[in-house]
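Participant:
Residue numbers (our numbering), protein chains in the order written: chain G, 3 to 510; chain Y, 68 to 403.
Here it is as structure tokens:
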């Protein structure tokens with residue numbers, strides 16, 4: 003090739019452009035924080051519709067709105083708009099002390115009336131709040147000064163915990179009544195650390211710091227959250243420097259990228275668990291089959307090999323952060339014992355017990371691969387499981403109709419860490435989220451719903467978990483670890499709920 | 068009169084097609100597993116709660132009754148309300164349509180320019196190494212699907228040499244309020260070249276990913292047509308008049324050779340719009356395709372119906388437009 007003066011100049015210009023334009027932004031001072039988020043935000047009202055019960059988008063809501071009672075990053079309960087709360091002595095009333103000096107994003111003063119109105123609205127069936135089975139358990143809600151009181155219709159031990167959970171957000175009474183549901187959707191305001199500046203559905207939301215935030219103004223004055231639902235694109239976003247923070251990337255990519263200069267990684271366990279629902283039909287009515295299936299799974303091996311070590315093996319539906327976690331309840335991995343149990347029921351490697359296991363593929367990290375590995379382990383002890391891949395929507399439908407296959411992989415989130423919202427709803431037969439109909443478990447759970455003695459209640463749930471583990475009525479597998487990648491210029495504080503919260507981020 | 072009658076007949080068949088699509092999609096999405104009500108059931112839901120939700124969304128009625136209610140609404144321009152986004156379906160899809168149309172049109176233009184250039188170059192230098200190189204290139208372009216081209220482009224121009232935006236349609240920091248959702252055309256009309264540059268920076272990679280396979284198809288077909296045309300008598304006559312090869316190809320051979328390509332481009336354009344579903348997802352581009360995936364995941368039945376009907380309408384209108392254009396460009400049909 004002949005090298006002319008002109009071609010040399012062109013090449014030099016291209017190289018200079020490459021060097022300049024190609025410089026990733028993680029090498030520069032961060033004025034506006036850019037986060038590549040893994041999900042879209044469908045709707046702004048955090049208390050109604052399907053979005054309200056979608057755990058993956060609560061991080062957006064918690065940036066704009068305040069929960070009645072906030073949770074600290076370790077899932078402990080903090081002081082927020084409600085600074086103190088409790089029941090009266092005979093637990094027929096509740097009371098809440100409301101924070102003073104807080105303002106809404108539009109400058110209106112926040113008052114106890116807002117709390118009372120939000121609770122009344124949540125309990126009203128016409129609003130479409132899906133958690134009315136909790137909010138509807140109080141009535142006659144009254145605000146006086148900084149104190150809100152209500153009569154208890156039916157004692158609900160988790161009432162205050164739900165104030166940190168799905169739909170537990172305080173909305174502005176005056177503003178909402180002025181603008182209505184559509185107006186609120188178009189221009190939502192809260193008391194949270196950030197205000198909505200610009201929202202493009204399916205694209206991004208641009209947030210502006212609330213300088214008057216009662217918890218102190220956030221470090222980053224401007225935050226753009228891009229909705230990047232494809233994992234490969236999120237990897238490219240952080241690697242190119244287009245985004246400063248991202249989450250939920252494949253673990254292999256997480257390890258690769260955090261080893262690069264300028265990019266760091268945080269991987270902490272969150273409140274999501276992976277599990278196998280067992281439906282007590284067909285061969286699953288045989289306890290030997292269930293116990294063998296549980297014993298044959300080497301959870302540690304699966305976490306190590308498939309999830310690059312990012313996971314915590316669990317034997318009950320309680321993670322170590324939950325209120326009813328009991329480390330003495332263990333299941334273990336014992337192939338020989340599994341073979342013995344199957345032999346007692348007449349099964350062997352040559353004459354395996356057969357059933358179907360359902361799983362999603364790509365809904366959670368390595369979900370299908372984990373089930374494949376489990377089926378491989380089962381084969382070695384005399385269980386022949388046929389894998390059926392289904393979409394998550396089908397799982398919900400089958401579970402609500404109690405027609406799941408004998409085994410079905412699923413994940414369960416429980417950021418408030420109460421046993422009712424894990425073991426309770428997953429294993430109590432009448433719940434639409436449960437497919438276990440065993441009478442013994444039902445009878446153990448039933449009195450715990452309204453148990454007023456908290457210590458007795460938690461011990462009761464531990465007993466339920468022990469019974470479930472001993473009889474292998476469900477197979478808990480692991481607590482998920484959430485991978486978060488960020489540039490070196492940002493400090494990220496992970497939250498055990500799995501919500502990625504920009505107001506917890508600071509400049510490094 | 069014949070042309071007008073043809074157009075009216077095609078419009079009538081379009082209406083029948085759309086009705087058929089509506090019936091099929093309405094029934095199919097209600098028969099496949101995945102009940103949207105089951106997805107929004109809280110853990111403490113009772114049978115009464117489930118019944119209330121079913122009634123609230125109209126799922127307590129028979130499919131026929133649901134269809135008739137929906138059809139009555141559609142006739143009045145009401146496509147129902149999205150379950151997940153809680154907004155009227157018609158406004159949601161119409162707000163998104165411009166983004167997908169702009170992306171598809173830009174992709175088509177890129178495909179025509181690249182494909183046309185390759186075809187003309189291959190014809191001009193036929194039976195040389197240049198033609199061989201073009202054949203190899205088009206073969207490669209065709210053997211890789213658009214979403215893989217998307218990943219390759221992200222790696223090249225998003226990560227290794229980050230000159231284009233990886234996700235989105237426009238930079239959030241840009242200070243502009245659009246009057247329409249045709250951002251590209253509006254920025255051009257308002258002479259906001261900063262915005263135009265930003266939009267192109269976002270659109271370039273997804274549009275190119277969509278365009279590459281189509282450009283290869285155009286190149287192959289047009290080159291073949293040109294080759295065949297180059298042997299016709301009138302082309303030889305043109306040469307004997309002393310016109311150069313460039314003139315002969317572009318002025319004499321191309322007008323006749325382009326007709327089959329035009330038909331193919333029309334058909335392929337509908338596939339290209341279909342391809343936006345995956346590409347928009349990959350590039351987080353806020354178009355109809357991206358919304359369609361969310362609608363399917365969330366089993367948002369009214370939204371799925373609205374998007375499918377709109378896609379079907381676009382497909383039939385594009386085919387109609389191509390047929391009309393074919394008549395205009397082909398004198399034999401025009402005077403038939």
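For glycine and all other residues, C-beta sits at the position ideal for the given N, C-alpha and C.
1) List the residues of chain G that residue 253(Y) touches, going by C-beta distances under 9 Å, in chain order.
2) Quick check: residue 103(G) and residue 216(G), are their CB atoms within less than 8 Å of each other?
3) Using a C-beta to C-beta distance shorter than 7 Å, which residues of chain G count as neighbours of residue 408(Y)?
4) Contact check, residue 226(G) vs residue 206(G) under 8 Å by CB: the rounded distance?
5) Given a cut-off of 8 Å on the beta-carbon distance, is the pair residue 316(G) and residue 64(G) in contact?
6) With respect to the beta strand (DSSP E) encompassing residue 210(G), which residues constitute its N-terminal and C-terminal limits?
7) Just how far apart, CA to CA, sit residue 167(G) and residue 326(G)?
8) Rounded to a whole number of angstroms, what is the C-alpha to C-alpha distance between residue 210(Y) and residue 219(Y)?
9) By DSSP, does residue 394(Y) sit in helix, in strand, or in coil?
10) Report the residues of the region 308-337 of chain Y with a CB closer than 7 Å to any CB of chain G, ordered along the chain.
11) The beta strand (DSSP E) spanning residue 265(G) covers which residue range?
12) Where residue 359(G) and residue 386(G) are concerned, what is the direct C-alpha to C-alpha distance, given to the nearest angstrom?
13) Take residue 341(Y) and list the residues in its own chain whose beta-carbon comes closer than 7 Å to its own, dropping the five residues that flank it on each side.
14) Considering Cα atoms alone, identify which of 214(G), 378(G), 362(G), 92(G) is closest to residue 407(G).
15) Would a C-beta distance cut-off of 8 Å place residue 212(G) and residue 107(G) closer than the cut-off?
16) Please list, in chain order, the residues of the region 226-253 of chain G that have any C-beta partner in chain Y closer than 8 Å.
17) Could you list which residues in chain G have their beta carbon closer than 9 Å to that of residue 225(Y), in chain order?
18) Taking the alpha carbon of residue 377(Y) as the reference point, which residue from 92(Y), 71(Y), 73(Y) has its own alpha carbon closest?
19) Are the C-beta atoms of residue 45(G) and some chain Y residue less than 8 Å apart?
20) For residue 84(Y), which residues from the same chain have a beta carbon less than 6 Å from its beta carbon, with the 5 sequence-adjacent residues on both sides left out?
21) Among 110(Y), 128(Y), 168(Y), 298(Y), whose alpha-carbon lies nearest the alpha-carbon of residue 134(G)?
22) Under 8 Å Cβ to Cβ from residue 327(Y), same chain only, skipping five residues before and after it: list those, please.
23) Just to check my reading of the structure: residue 209(G) and residue 504(G) have Cβ atoms closer than 8 Å, yes? What is that Cβ distance to the nearest angstrom?
24) Since residue 2(G) and residue 476(G) are thought to touch, with beta carbons under 8 Å apart, how far apart are those beta carbons, to the nearest angstrom?
25) Tell me whether residue 149(G) sits in a helix, a strand or coil according to DSSP, three-state version.
26) Counting only runs of 3+ residues fully inside the region 95-141 of chain G, write out the beta strand (DSSP E) ranges in chain order.
27) Around the C-beta of residue 222(G), are 16 or more other C-beta atoms found within 10 angstroms, so that it is buried, or is it exposed?
28) Considering only their Cβ atoms, is the gap separating residue 246(G) from residue 35(G) smaller than 8 Å?
29) What is the rounded straight-line gap between the Cα of residue 88(G) and the Cα of residue 96(G)?
30) Taking beta-carbon pairs under 9 Å, can you tell me which members of the region 357-380 of chain Y lie near chain G?
31) Using the DSSP secondary-structure output, state which residues sit across from residue 411(G) in a beta bridge.
32) List the DSSP bridge partners of residue 523(G).
33) For residue 225(G), write down the residues that DSSP places opposite it in a beta bridge.
34) Distance check for residue 465(G) and residue 254(G), CA to CA, integer angstroms please.
35) Please confirm if residue 221(Y) has its CB atom under 8 Å from at least one CB of chain G.
36) CA-CA distance, residue 128(G) and residue 125(Y)?
Facilitator: On the basis of the supplied data:
1) Stepping through the second chain from its first residue, residue 253(Y) is reached at position 186. The premise fails here: residue 253(Y) is roughly 15 Å from chain G at the closest Cβ pair, so nothing lies under 9 Å.
2) By one-based count along the first chain, residue 103(G) stands at place 101. By one-based count along the first chain, residue 216(G) stands at place 214. Yes; because the gap between Cβ atoms is below 8 Å, this pair is in contact.
3) The displayed coordinates of chain Y run from 68 to 403. Any statement about residue 408(Y) would go beyond what the structure contains.
4) Taking the first residue of the first chain as position 1, residue 226(G) is located at position 224. Taking the first residue of the first chain as position 1, residue 206(G) is located at position 204. That belief holds up - the Cβ atoms of residue 226(G) and residue 206(G) are roughly 6 Å apart, short of 8 Å.
5) What you label residue 316(G) is simply residue 314 of the first chain in a count that begins at 1. What you label residue 64(G) is simply residue 62 of the first chain in a count that begins at 1. No, Cβ-Cβ distance for residue 316(G) and residue 64(G) is not below 8 Å.
6) Start at 1 with the first residue of the first chain, and residue 210(G) comes out as number 208. That run of the beta strand (DSSP E) goes 206-211.
7) Looking up residue 167(G) in the first chain gives position 165. Looking up residue 326(G) in the first chain gives position 324. Spanning the two alpha carbons is a distance of roughly 18 Å.
8) Start at 1 with the first residue of the second chain, and residue 210(Y) comes out as number 143. Start at 1 with the first residue of the second chain, and residue 219(Y) comes out as number 152. Straight-line Cα distance between these residues: approximately 14 Å.
9) Position 327 of the second chain holds residue 394(Y). Residue 394(Y): helix per DSSP, three-state reduction.
10) none
11) Position 263 of the first chain, counted from the start, is the residue given in the question as residue 265(G). Taken as a continuous stretch (DSSP letters only), the beta strand (DSSP E) holding residue 265(G) covers 265-280.
12) Along the first chain, one-based indexing puts residue 359(G) at 357. Along the first chain, one-based indexing puts residue 386(G) at 384. Each residue's Cα considered, the two are about 10 Å apart.
13) Your numbering for residue 341(Y) matches position 274 in the second chain. Here the set comprises nothing.
14) Indexing the first chain from 1 puts residue 407(G) at position 405. Checking every option, the nearest Cα to that of residue 407(G) belongs to 362(G).
15) Your numbering for residue 212(G) matches position 210 in the first chain. Your numbering for residue 107(G) matches position 105 in the first chain. In contact: residue 212(G) and residue 107(G) (Cβ atoms closer than 8 Å).
16) 226, 228, 229, 230, 231, 232, 234, 235, 238, 239, 241, 242, 243, 244
17) On the second chain, residue 225(Y) is found 158 positions in, with the first residue counted as 1. In chain order: 235, 238, 239, 241, 242, 244.
18) By one-based count along the second chain, residue 377(Y) stands at place 310. Residue 92(Y) is the option with its Cα nearest to residue 377(Y).
19) Walking along the first chain from the start, residue 45(G) turns up at place 43. At least one chain Y Cβ lies under 8 Å of residue 45(G).
20) Looking up residue 84(Y) in the second chain gives position 17. Answer for residue 84(Y): 383, listed in chain order.
21) Position 132 of the first chain, counted from the start, is the residue given in the question as residue 134(G). Considering only alpha carbons, the answer is 110(Y).
22) Numbered from 1 along the second chain, position 260 holds the residue referred to as residue 327(Y). Once the five neighbours on either side are set aside, the close Cβ partners of residue 327(Y) are 288, 292.
23) What you label residue 209(G) is simply residue 207 of the first chain in a count that begins at 1. What you label residue 504(G) is simply residue 502 of the first chain in a count that begins at 1. With 8 Å as the limit, residue 209(G) and residue 504(G) qualify as a contact, their Cβ atoms being about 7 Å apart.
24) No answer is possible for residue 2(G): it lies beyond the span of chain G, which begins at 3 and ends at 510.
25) Here the question's residue 149(G) lines up with position 147 in the first chain. Note: residue 149(G) maps to strand in three-state DSSP.
26) 95-100
27) Here residue 222(G) refers to the residue found at position 220 when the first chain is read from its first residue. Per the 10 Å Cβ criterion, buried.
28) For the purposes of this step, residue 35(G) is identified with residue 33 of the first chain, where counting begins at 1. For the purposes of this step, residue 246(G) is identified with residue 244 of the first chain, where counting begins at 1. Closer than 8 Å, so yes.
29) Against the first chain, residue 88(G) aligns to sequence position 86. Against the first chain, residue 96(G) aligns to sequence position 94. For residue 88(G) and residue 96(G), the distance between alpha carbons rounds to 6 Å.
30) 357, 358, 360, 361, 363, 364, 365, 366, 367
31) For the purposes of this step, residue 411(G) is taken as the residue at position 409 of the first chain. In DSSP, residue 411(G) forms a bridge with 278(G).
32) The question about residue 523(G) has no answer, for chain G in this structure spans 3 to 510.
33) Working through the first chain from its first residue, we reach residue 225(G) at position 223. Partner(s): 35(G), 209(G).
34) Taking the first residue of the first chain as 1, we reach residue 254(G) at position 252. Taking the first residue of the first chain as 1, we reach residue 465(G) at position 463. Answer to the nearest angstrom: the Cα atoms are 39 Å apart.
35) Indexing the second chain from 1 puts residue 221(Y) at position 154. Yes, residue 221(Y) lies at the interface with chain G (some Cβ there is under 8 Å from its Cβ).
36) Position 126 of the first chain, counted from the start, is the residue given in the question as residue 128(G). Position 58 of the second chain, counted from the start, is the residue given in the question as residue 125(Y). When rounded, the distance between both Cα atoms is 16 Å.
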